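Colleague:
Number of protein chains: 2
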Amino acid sequence: MRVGIFGLGTVGQGLLQILRERQPAIEAVAVVDRSYARKAELLAGIKASDDKNLILKDKSIDTVVELMGGIDDALYVVRSAIENGKNVVTANKALLAEHGYALFQFASEHGRTIAFEAAIAGAIPIVRNIETIFRHERITRLMGIVNGTTNYILTRMRKDHLSYGEVLEAAQKQGLAEADPTLDVGGYDAQQKLALLTSLITGEWVEAKNIPVRGITEISAQDVVWAERFHNRIRLVAEYNLIQGQHYMHVTPALVGEQNVLYDIEYENNALLFHGEYSAEHLFMGKGAGKFPTAFSVYSDLIQLQLAAASPVPVRKIETYLPIANIADTTSAFYLRLRVKDQPGVLAAIAQILGNNALSIASVHQDHSAVAAGEVDIVIHTHAQKRSGFYKALKEIHALKSIVLHHVYLPVLG
Amino acid sequence: MRVGIFGLGTVGQGLLQILRERQPAIEAVAVVDRSYARKAELLAGIKASDDKNLILKDKSIDTVVELMGGIDDALYVVRSAIENGKNVVTANKALLAEHGYALFQFASEHGRTIAFEAAIAGAIPIVRNIETIFRHERITRLMGIVNGTTNYILTRMRKDHLSYGEVLEAAQKQGLAEADPTLDVGGYDAQQKLALLTSLITGEWVEAKNIPVRGITEISAQDVVWAERFHNRIRLVAEYNLIQGQHYMHVTPALVGEQNVLYDIEYENNALLFHGEYSAEHLFMGKGAGKFPTAFSVYSDLIQLQLAAASPVPVRKIETYLPIANIADTTSAFYLRLRVKDQPGVLAAIAQILGNNALSIASVHQDHSAVAAGEVDIVIHTHAQKRSGFYKALKEIHALKSIVLHHVYLPVLG
Ligand SMILES: NC(=O)c1ccc[n+]([C@@H]2O[C@H](COP(=O)([O-])OP(=O)(O)OC[C@H]3O[C@@H](n4cnc5c(N)ncnc54)[C@H](OP(=O)(O)O)[C@@H]3O)[C@@H](O)[C@H]2O)c1
Ligand SMILES: NC(=O)c1ccc[n+]([C@@H]2O[C@H](COP(=O)([O-])OP(=O)(O)OC[C@H]3O[C@@H](n4cnc5c(N)ncnc54)[C@H](OP(=O)(O)O)[C@@H]3O)[C@@H](O)[C@H]2O)c1
Numbered sequence: 001m002r003v004g005i006f007g008l009g010t011v012g013q014g015l016l017q018i019l020r021e022r023q024p025a026i027e028a029v030a031v032v033d034r035s036y037a038r039k040a041e042l043l044a045g046i047k048a049s050d051d052k053n054l055i056l057k058d059k060s061i062d063t064v065v066e067l068m069g070g071i072d073d074a075l076y077v078v079r080s081a082i083e084n085g086k087n088v089v090t091a092n093k094a095l096l097a098e099h100g101y102a103l104f105q106f107a108s109e110h111g112r113t114i115a116f117e118a119a120i121a122g123a124i125p126i127v128r129n130i131e132t133i134f135r136h137e138r139i140t141r142l143m144g145i146v147n148g149t150t151n152y153i154l155t156r157m158r159k160d161h162l163s164y165g166e167v168l169e170a171a172q173k174q175g176l177a178e179a180d181p182t183l184d185v186g187g188y189d190a191q192q193k194l195a196l197l198t199s200l201i202t203g204e205w206v207e208a209k210n211i212p213v214r215g216i217t218e219i220s221a222q223d224v225v226w227a228e229r230f231h232n233r234i235r236l237v238a239e240y241n242l243i244q245g246q247h248y249m250h251v252t253p254a255l256v257g258e259q260n261v262l263y264d265i266e267y268e269n270n271a272l273l274f275h276g277e278y279s280a281e282h283l284f285m286g287k288g289a290g291k292f293p294t295a296f297s298v299y300s301d302l303i304q305l306q307l308a309a310a311s312p313v314p315v316r317k318i319e320t321y322l323p324i325a326n327i328a329d330t331t332s333a334f335y336l337r338l339r340v341k342d343q344p345g346v347l348a349a350i351a352q353i354l355g356n357n358a359l360s361i362a363s364v365h366q367d368h369s370a371v372a373a374g375e376v377d378i379v380i381h382t383h384a385q386k387r388s389g390f391y392k393a394l395k396e397i398h399a400l401k402s403i404v405l406h407h408v409y410l411p412v413l414g
Numbered sequence: 001m002r003v004g005i006f007g008l009g010t011v012g013q014g015l016l017q018i019l020r021e022r023q024p025a026i027e028a029v030a031v032v033d034r035s036y037a038r039k040a041e042l043l044a045g046i047k048a049s050d051d052k053n054l055i056l057k058d059k060s061i062d063t064v065v066e067l068m069g070g071i072d073d074a075l076y077v078v079r080s081a082i083e084n085g086k087n088v089v090t091a092n093k094a095l096l097a098e099h100g101y102a103l104f105q106f107a108s109e110h111g112r113t114i115a116f117e118a119a120i121a122g123a124i125p126i127v128r129n130i131e132t133i134f135r136h137e138r139i140t141r142l143m144g145i146v147n148g149t150t151n152y153i154l155t156r157m158r159k160d161h162l163s164y165g166e167v168l169e170a171a172q173k174q175g176l177a178e179a180d181p182t183l184d185v186g187g188y189d190a191q192q193k194l195a196l197l198t199s200l201i202t203g204e205w206v207e208a209k210n211i212p213v214r215g216i217t218e219i220s221a222q223d224v225v226w227a228e229r230f231h232n233r234i235r236l237v238a239e240y241n242l243i244q245g246q247h248y249m250h251v252t253p254a255l256v257g258e259q260n261v262l263y264d265i266e267y268e269n270n271a272l273l274f275h276g277e278y279s280a281e282h283l284f285m286g287k288g289a290g291k292f293p294t295a296f297s298v299y300s301d302l303i304q305l306q307l308a309a310a311s312p313v314p315v316r317k318i319e320t321y322l323p324i325a326n327i328a329d330t331t332s333a334f335y336l337r338l339r340v341k342d343q344p345g346v347l348a349a350i351a352q353i354l355g356n357n358a359l360s361i362a363s364v365h366q367d368h369s370a371v372a373a374g375e376v377d378i379v380i381h382t383h384a385q386k387r388s389g390f391y392k393a394l395k396e397i398h399a400l401k402s403i404v405l406h407h408v409y410l411p412v413l414g
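In the order they appear, the protein sequences are chains Y and G.
All letters in the first sequence, in the order written, are residues 1 to 414 by UniProt numbering.
All letters in the second sequence, in the order written, are residues 1 to 414 by UniProt numbering.
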């Protein structure tokens, strides 16, 4: 197997090292990188260029690894590689979430494979497991922590009693969060990964942008403390449910109780909890990112391509788009924190709205301590009920402009 | 694919149902079971007998599934199937642990495969993952809960404040423990699974009987309470470590701290935590047993065999025995509970022995409450040190016959 690598950054360098140390039968033949000139030492004799044709036009190269990131150039590289008869391995979830439908079609028309183990949950071999071992299992539920940056932020907020802003800044300094963190903290990276996962599970294409998403930006130190008081932790979860033939999914921050294994997934770890009709509960946990863990997944894709070289694994053809059902039609318990003016009648007004909407309350707590004078936090836990009913009540509560300053709500995972 | 099934018990019945519901391309053609006559309804027309030749001599059957359990008959069935040119799928860890070396040789001489996903940790696809995705990874550590019965007992002792004997009896009544529970509670089932796992990891054969083993029979309600007091839980762990080229392994009850993901693996769940040189920490968790979870693993072996039918996956040849290093040469922190006579000088005598053996103590606690008059429990936590030193001190303490009544010790997992 002769490999050409696009992008000699964090993951590319990890891959080069693994290939050198492990697999003489898989040879890195050429590297394309826009700053290849600065990387002579790493290349150690492997031919390199900033000209993509160095790899694309080299007929001796049968496999292209795309590790540049970004969309436009990556799209060009993947398409051209396939056109030139090469298989592709990529870690680029953004590319796949945006252009995967067309790319997978294109690859299957050309009889080529696009492998992407590293694009979802780093070192966790979830793609290969879903595609092989669980190919004939019916996965009816999936709940995952698939974004390391947000899990790191939520973990440090809790452990070090810091605000969201403080941890974000620290994470940016350590290189654990991007300068523009929107993709991660807005939940969009998790949304892209959930789209890919659910496409694999269902065999139909899921458009990332159609998946409801909420990020963690509105989570405050108070919510973290309230969660702990009730033996919960806050996690950004990507969730999929198959209920009576309908596919529900969303990305949302949520309260996770002690009994749930996701409770213990801390810092930048990733985890996928799923339920198979016959095989019941499974948890896969591992490193969601990092030089070698991510490079290892790229490497394991290369190994599988090599093994399959004689008789290619049938590429899963995705030919239809999956209809996504309305998550508001499903049920959940909720945590709701309202910051309100500390004046008579507030709680009564809120309770009335909840009552009018037939929302059943599990507990109500008030806390003056953490907030400014003249304000108070009210924390309400509801029993499980249809989300749409909760959203409606929330809207009405929020309309109590004279007394409600703002609110934060989180579903509670069962 | 035409399949013959030996043994229509719990797992066999689960498999039959999955095959009926899922895979027309994999057909159950015949069943051999000593009480087949009682099972006409389940068979629903599939030909059946108590005569093994019904399957073994049927040339149209290409794959044999062995789900009878036991050793002698199972050995005969597996050997005969291979001799007759059939591939074999089995869930029988006892058979493989005892005769695996010869059987795998025999199969590879005949160009046939013995698949055994269901033999280790039920529904968790650990065998296939080690053999494919992690085939080129160096696994340097493995820590597993691989016996559901003992984990169930330890969980219920803690949650329901029951003694070992009380829970065992209840588990036997519920069918969660055998009438003769020795294989499970003595740690031997875990020992067999660890032997198979480490054989897969190293590619050399590990003799189960050479793996040091301790069971859970001496764990008492007091130890469970003491563990909780220090935010630990007791687990029966199967452990493997690769240290400077030496292979260490054992099965032992151990204290597991809150930080360790095994802390949360409760009841009959199984889990495998392992570390790959490049890919870092992984956890696989799932059902360790049960009709459908186990049958699903058998089924997934069948699917993989079917996929590989065109180009058989190269059978991993095991041609050497793995030398197992002495676990006593590795280090561990320890929990030690001594029941002693409540008389002056006892603690001094014990402390002196520990000091003489250069054992560094983390804490000492005394508790009169839980024991008979004139006796006291002393609980000592040591820092990590060579196990051999601890064992030596333990022997000397135990020789203090006049004052020490008995002791329980557990390594503490890092
Ligand atoms: N890092 C992780 O832990 C991780 C985990 C999972 C997935 N991924 C994915 O893996 C991919 C690579 O990530 P990374 O962390 O290795 O990124 P990186 O460190 O930024 O490396 C990217 C490399 O590609 C080069 N490059 C970027 N655009 C290029 C272009 N248009 N033409 C030529 N060269 C170009 C960059 O050059 P410069 O040095 O000049 O910028 C850099 O050397 C991304 O898709 C990412 O989402 C990464
Ligand atoms: N159950 C689990 O959750 C689980 C999990 C992992 C692995 N396994 C393994 O799977 C295998 C089967 O387990 P199981 O729970 O299904 O056992 P089981 O319920 O006892 O079923 C065994 C079946 O085989 C029949 N049988 C036993 N010996 C026979 C012989 N010599 N000739 C013909 N028929 C024979 C039995 O007949 P009778 O009905 O007359 O006894 C019974 O129908 C065992 O190796 C076990 O270790 C089981």
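Quick reminder that beta carbons are idealized off the backbone N, C-alpha and C, glycines included.
Fair warning: this is a prediction, and the values are worked out from it, not measured in the lab.
Where does arginine 138(Y) fall in DSSP's three states?
Modeller: Locating residue 138(Y) in the first sequence gives position 138, counting from the first residue. Three-state result, arginine 138(Y): coil.
Colleague: From the beta carbon of asparagine 129(G), is the nearest beta carbon of chain Y less than 9 Å away?
Modeller: On the second sequence, position 129 is the one that residue 129(G) refers to. Closer than 9 Å to some Cβ of chain Y, the Cβ of asparagine 129(G) qualifies, so yes.
Colleague: Determine, using beta carbons only, whether glutamine 366(G) and isoleucine 378(G) come nearer to each other than 9 Å.
Modeller: Working through the second sequence from its first residue, we reach residue 366(G) at position 366. Working through the second sequence from its first residue, we reach residue 378(G) at position 378. Taking 9 Å as the Cβ cut-off, glutamine 366(G) and isoleucine 378(G) qualify as a contacting pair.
Colleague: Quick one: is arginine 229(Y) near chain G, going by C-beta distance under 9 Å?
Modeller: As a working mapping, residue 229(Y) is identified with position 229 in the first sequence. Closer than 9 Å: no.
Colleague: Spell out a yes or no on whether the segment 24–31 of chain G and the segment 85–97 of chain G are touching, meaning 3 or more CB-CB pairs, one atom from each, closer than 8 Å.
Modeller: Taking 8 Å as the limit for Cβ pairs, the verdict is that the segment 85–97 of chain G does not touch the segment 24–31 of chain G.
Colleague: Who are the neighbours of proline 293(Y) on chain G, taking C-beta pairs under 8 Å?
Modeller: Here residue 293(Y) is taken as the residue at index 293 of the first sequence, counted from 1. Going along chain G in sequence order, the residues near proline 293(Y) (Cβ under 8 Å) are Tyr278, Ser279, Ala280.
Colleague: Take valine 412(G) as the anchor and find which of Ala384(G), Ala373(G), Pro125(G), Gly45(G) has the nearest alpha-carbon.
Modeller: Position 412 of the second sequence, counting from 1, holds the residue named residue 412(G). That would be Ala384(G), whose Cα lies nearest to the Cα of valine 412(G).
Colleague: Tell whether a beta-carbon distance below 9 Å holds between arginine 2(Y) and threonine 63(Y).
Modeller: If you number the first sequence from 1, residue 2(Y) lands on position 2. If you number the first sequence from 1, residue 63(Y) lands on position 63. Cβ distance < 9 Å, so arginine 2(Y) and threonine 63(Y) count as in contact.
Colleague: Just tell me which of Thr132(Y), Thr140(Y), Asn210(Y), Met249(Y) has its CA closest to the CA of alanine 308(Y).
Modeller: Counted from its first residue, the first sequence places residue 308(Y) at position 308. Here the closest residue by C-alpha is Thr132(Y).
Colleague: Taking only runs of the alpha helix (DSSP H) that begin and end inside the segment 169–197 of chain Y, which ones reach a length of at least 4 residues, in chain order?
Modeller: Whole alpha helix (DSSP H) segments, 4+ residues: 182–185.
Colleague: Any heavy atom of ligand 1 within a distance shorter than 8 Å of the CB on methionine 68(Y)?
Modeller: The residue labelled residue 68(Y) in the question sits at position 68 within the first sequence. Yes; taking the cut-off as 8 Å, the Cβ of methionine 68(Y) has a heavy atom of ligand 1 nearer than that.
Colleague: Does DSSP put valine 412(Y) in a helix, in a strand, or in coil?
Modeller: In the first sequence, the residue the question calls residue 412(Y) occupies position 412. Note: valine 412(Y) maps to strand in three-state DSSP.
Colleague: For asparagine 270(G), which beta-bridge partners are listed by DSSP?
Modeller: On the second sequence, residue 270(G) is found 270 positions in, with the first residue counted as 1. Asparagine 270(G) pairs with Gly286(G).
Colleague: When you compare only the Cα positions, how much space is there between aspartate 342(G) and leucine 400(G)?
Modeller: Taking the second sequence and counting its residues from 1, one reaches residue 342(G) at position 342. Taking the second sequence and counting its residues from 1, one reaches residue 400(G) at position 400. Cα to Cα, aspartate 342(G) sits roughly 14 Å from leucine 400(G).
Colleague: Are the Cβ atoms of leucine 95(Y) and alanine 238(Y) separated by less than 9 Å?
Modeller: Mapped onto the first sequence, residue 95(Y) falls at position 95. Mapped onto the first sequence, residue 238(Y) falls at position 238. Taking 9 Å as the Cβ cut-off, leucine 95(Y) and alanine 238(Y) do not qualify as a contacting pair.
Colleague: Whole angstroms is fine: what's the gap from serine 163(G)'s alpha carbon to glutamine 172(G)'s?
Modeller: Working through the second sequence from its first residue, we reach residue 163(G) at position 163. Working through the second sequence from its first residue, we reach residue 172(G) at position 172. Those two C-alpha atoms are separated by around 14 Å.
Colleague: Cβ-heavy atom distance between lysine 57(Y) and ligand 1 below 8 Å?
Modeller: On the first sequence, position 57 is the one that residue 57(Y) refers to. For ligand 1, not one heavy atom lies less than 8 Å from the Cβ of lysine 57(Y).
Colleague: Going along the chain, which residues of the segment 189–200 of chain G sit with their C-beta nearer than 7 Å to a C-beta in chain Y?
Modeller: Going along the segment 189–200 of chain G in chain order, one finds no residue with a Cβ nearer than 7 Å to chain Y.
Colleague: Under 9 Å between beta-carbons, which chain G residues line up against phenylalanine 284(Y)? List them in chain order, please.
Modeller: As a first step, residue 284(Y) is located in the first sequence; it is residue number 284 there, counting from the start. Within chain G, the residues near phenylalanine 284(Y) are His282, Leu283, Phe284, Met285.
Colleague: If you follow the alpha helix (DSSP H) that methionine 157(Y) is in, where does it begin and where does it stop?
Modeller: Mapped onto the first sequence, residue 157(Y) falls at position 157. Element bounds for methionine 157(Y): 148–160.
Colleague: Would you check if the segment 258–274 of chain Y and the segment 103–118 of chain Y touch, i.e. whether three or more CB-CB distances between them fall below 8 Å?
Modeller: No: fewer than three Cβ pairs fall under 8 Å.
Colleague: Distance cutoff 9 Å, beta carbons only. Does glycine 290(G) sit that close to anything in chain Y?
Modeller: For the purposes of this step, residue 290(G) is taken as the residue at position 290 of the second sequence. Taking Cβ atoms only, chain Y reaches closer than 9 Å to glycine 290(G), which makes this a yes.
Colleague: Given a cut-off of 9 Å on the beta-carbon distance, is the pair leucine 236(G) and isoleucine 211(G) in contact?
Modeller: Walking along the second sequence from the start, residue 236(G) turns up at place 236. Walking along the second sequence from the start, residue 211(G) turns up at place 211. The answer is no: Cβ separation not under 9 Å.
Colleague: Taking 8 Å as the cut-off, is the CB of phenylalanine 6(G) close to at least one heavy atom of ligand 2?
Modeller: Counted from its first residue, the second sequence places residue 6(G) at position 6. At least one heavy atom of ligand 2 is nearer than 8 Å to the Cβ of phenylalanine 6(G), so yes.
Colleague: Could you check what DSSP says for isoleucine 361(Y) in three-state terms: helix, strand or coil?
Modeller: Here residue 361(Y) corresponds to residue number 361 of the first sequence, with the count starting at 1. Isoleucine 361(Y) falls in the strand class under three-state DSSP.
Colleague: Helix, strand or coil: which one does DSSP assign to asparagine 241(G)?
Modeller: For the purposes of this step, residue 241(G) is taken as the residue at position 241 of the second sequence. DSSP places asparagine 241(G) in strand when its eight states are reduced to three.
Colleague: Which chain G residues are close to histidine 250(Y), counting only those with a beta carbon under 7 Å from its beta carbon?
Modeller: Against the first sequence, residue 250(Y) aligns to sequence position 250. Going along chain G, no residue has its Cβ under 7 Å from histidine 250(Y), so there is no contact; the nearest lies around 24 Å.
Colleague: Would leucine 307(G) count as contacting chain Y if we go by Cβ distances under 9 Å?
Modeller: Numbered from 1 along the second sequence, position 307 holds the residue referred to as residue 307(G). Yes, its Cβ sits closer than 9 Å to a Cβ of chain Y.
Colleague: Could you tell me the distance, in whole angstroms, from the CA atom of glycine 45(G) to the CA atom of serine 35(G)?
Modeller: Here residue 45(G) refers to the residue found at position 45 of the second sequence. Here residue 35(G) refers to the residue found at position 35 of the second sequence. Spanning the two alpha carbons is a distance of roughly 16 Å.
Colleague: Give, in chain order, every unbroken run of the alpha helix (DSSP H) that is at least 4 residues long and sits entirely within the segment 68–98 of chain Y.
Modeller: 72–83, all fully within the segment 68–98 of chain Y.
Colleague: Looking only at its chain, what residues have a beta carbon closer than 7 Å to the beta carbon of threonine 10(Y), apart from the 5 residues adjacent to it on each side?
Modeller: Along the first sequence, read from residue 1 onward, the residue named residue 10(Y) stands at position 10. Here the set comprises Lys291.
Colleague: Check this for me: beta carbons of alanine 227(G) and glycine 122(G), under 9 Å apart or not?
Modeller: The count along the second sequence starts at 1 and reaches residue 227(G) at position 227. The count along the second sequence starts at 1 and reaches residue 122(G) at position 122. In this structure, glycine 122(G) does not lie closer than 9 Å to alanine 227(G) by Cβ.
Colleague: What three-state label does DSSP hand arginine 218(G) in the structure shown?
Modeller: Position 218 of the second sequence, counting from 1, holds the residue named residue 218(G). As written in the sequence, residue 218(G) is glutamate, which differs from the arginine given in the question. Of the three classes helix, strand and coil, the one that applies to glutamate 218(G) here is coil, per DSSP.
Colleague: For a test of the three-state rule: what should DSSP assign to tyrosine 391(Y), helix, strand or coil?
Modeller: Mapped onto the first sequence, residue 391(Y) falls at position 391. Note: tyrosine 391(Y) maps to helix in three-state DSSP.
Colleague: Is aspartate 62(G) near ligand 2, going by C-beta to nearest heavy atom under 8 Å?
Modeller: Indexing the second sequence from 1 puts residue 62(G) at position 62. Answer for aspartate 62(G): no, Cβ out of range of ligand 2.
Colleague: Taking DSSP's pairing of strands, which residues face lysine 386(G) in a bridge?
Modeller: Mapped onto the second sequence, residue 386(G) falls at position 386. DSSP lists Thr331(G) as partners of lysine 386(G).
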